[in-house]
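Each residue of the sequence shown is one higher than the one before, counting from 143 in the numbering used here. Backbone N, C-alpha and C define an ideal beta-carbon position, used for all residues, glycine too. Working notes, structure below.
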Amino acid sequence: MIIDAHMHIWKRIKGCIRNEHPVRPIGSGKIRIGDQEMLGMPASFVDCSALAEYVLAEFDAAGVAAGVVVQEYLDGPQNDYILDVALNYPERFFMHALPNFFEPDKVDEEVGNLFNQGFKGLKVCGGHLLGKLSLDDRRFFSIWERMENEGLVLSVDFSEGEIQVPEFKNVMEVFPDLKVAIGHFGMPNRKGWPGQLELCRYKNVYIECGGIIWLYRSEGYPFESGRDAIRSAGQEVGYNKIMWGSDWPRTMVDFTYRQSLDFIFNDEDIGPEDKSAILGANAAKLYGFKKSKPIDRVPLITEG
Numbered sequence: 143m144i145i146d147a148h149m150h151i152w153k154r155i156k157g158c159i160r161n162e163h164p165v166r167p168i169g170s171g172k173i174r175i176g177d178q179e180m181l182g183m184p185a186s187f188v189d190c191s192a193l194a195e196y197v198l199a200e201f202d203a204a205g206v207a208a209g210v211v212v213q214e215y216l217d218g219p220q221n222d223y224i225l226d227v228a229l230n231y232p233e234r235f236f237m238h239a240l241p242n243f244f245e246p247d248k249v250d251e252e253v254g255n256l257f258n259q260g261f262k263g264l265k266v267c268g269g270h271l272l273g274k275l276s277l278d279d280r281r282f283f284s285i286w287e288r289m290e291n292e293g294l295v296l297s298v299d300f301s302e303g304e305i306q307v308p309e310f311k312n313v314m315e316v317f318p319d320l321k322v323a324i325g326h327f328g329m330p331n332r333k334g335w336p337g338q339l340e341l342c343r344y345k346n347v348y349i350e351c352g353g354i355i356w357l358y359r360s361e362g363y364p365f366e367s368g369r370d371a372i373r374s375a376g377q378e379v380g381y382n383k384i385m386w387g388s389d390w391p392r393t394m395v396d397f398t399y400r401q402s403l404d405f406i407f408n409d410e411d412i413g414p415e416d417k418s419a420i421l422g423a424n425a426a427k428l429y430g431f432k433k434s435k436p437i438d439r440v441p442l443i444t445e446g
């Protein structure tokens with residue numbers, strides 16, 4: 143059972159960078175951030191929507207059973223849309239809510255409402271908050287307390303480097319049983335290690351490699367330094383703390399969805415048991431996915 147532990151869906155982009163620079167869709171995969179235009183998703187996304195049905199098609203072709211939706215301020219909150227998706231495809235997605243942490247005096251109430259609507263996870267976009275709010279702000283403690291008590295999952299993408307690690311350690315010291323997934327593999331080639339990786343020493347803290355092919359994009363497939371980072375993390379904190387993620391659809395401006403999976407799937411230096419843990423078993427445990435029948439990959443026409 144393969145699970146994509148870091149991917150995105152959205153109906154319409156209405157995002158912002160650090161609560162300052164608006165992000166708007168243009169069309170044919172292009173977005174505008176401030177006065178700069180760029181390809182933010184595959185150009186075939188004509189209306190710039192990244193719907194659940196699009197990624198489910200990728201799942202089915204690549205043999206992926208389910209995915210974990212982590213939101214981003216870059217895209218803007220998609221809470222209503224992904225709740226609808228969860229109703230339509232309950233066995234195939236785990237959804238994280240995205241609240242507005244930039245209003246710290248109101249976010250506790252907002253988060254409570256989101257959890258009451260059915261969300262089982264919450265996303266913190268650490269890089270956006272850097273220099274504006276501290277992750278150990280006591281106004282957030284009631285959120286972390288509820289999450290710890292109810293077994294809800296916190297997805298957190300830290301900023302580059304280790305600057306937010308001490309703040310988050312303060313959170314974990316108070317809430318040591320909090321379930322956490324650290325995104326972007328802890329920024330290994332952007333000075334995030336060892337600090338971000340070491341957080342996996344806490345009992346329920348995992349690390350997922352969504353975006354790792356973005357971090358090592360200059361190397362191209364099969365991202366040998368990315369493979370090295372995964373093996374290094376396995377030796378340091380254990381393969382039972384590592385999860386695969388694609389960061390669909392942003393990373394697909396450079397590489398195919400199957401490549402985002404195959405660089406681990408085909409790595410002969412990771413044993414079958416450890417590989418099974420990375421590709422799905424760990425995510426199934428953390429997010430509570432029920433075991434399902436393996437999905438057969440669809441053969442490629444170019445393989446014939």
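When secondary structure is reduced to three states using DSSP, Arg332 falls in the coil class, being assigned neither helix nor strand.
DSSP places Gly209 in the strand class (E or B) of the three-state scheme.
With a cutoff of 8 Å on beta-carbon distance, Gly337 and Glu304 are scored as near each other. Of the residues Ser186, Val295 and Gly176, the one whose Cα lies closest to the Cα of Leu216 is Gly176. If you compare the alpha carbons of Val249, Val440, Glu302 and Val253 with that of Leu272, the shortest gap goes to Glu302. The beta carbons of Lys265 and Leu240 sit closer together than 8 Å. Within the segment 419-445, the runs of alpha helix (DSSP H) at least 4 residues long that lie entirely inside it are, in chain order, 424-429. The three-state reading of DSSP puts Leu193 in coil, since its state is none of H, G, I, E or B. The straight-line gap separating the alpha-carbon atoms of Gly334 and Ile437 is approximately 35 Å.
Between the segment 189-208 and the segment 249-267, the count of Cβ pairs shorter than 8 Å is below three; the stretches do not touch. Nearest in C-alpha terms to Lys274, of all of Leu294, Trp286 and Phe243, is Phe243. Scanning the segment 351-388 for uninterrupted alpha helix (DSSP H) segments of 4 residues or longer gives 354-357 and 366-379, listed from N- to C-terminal end.
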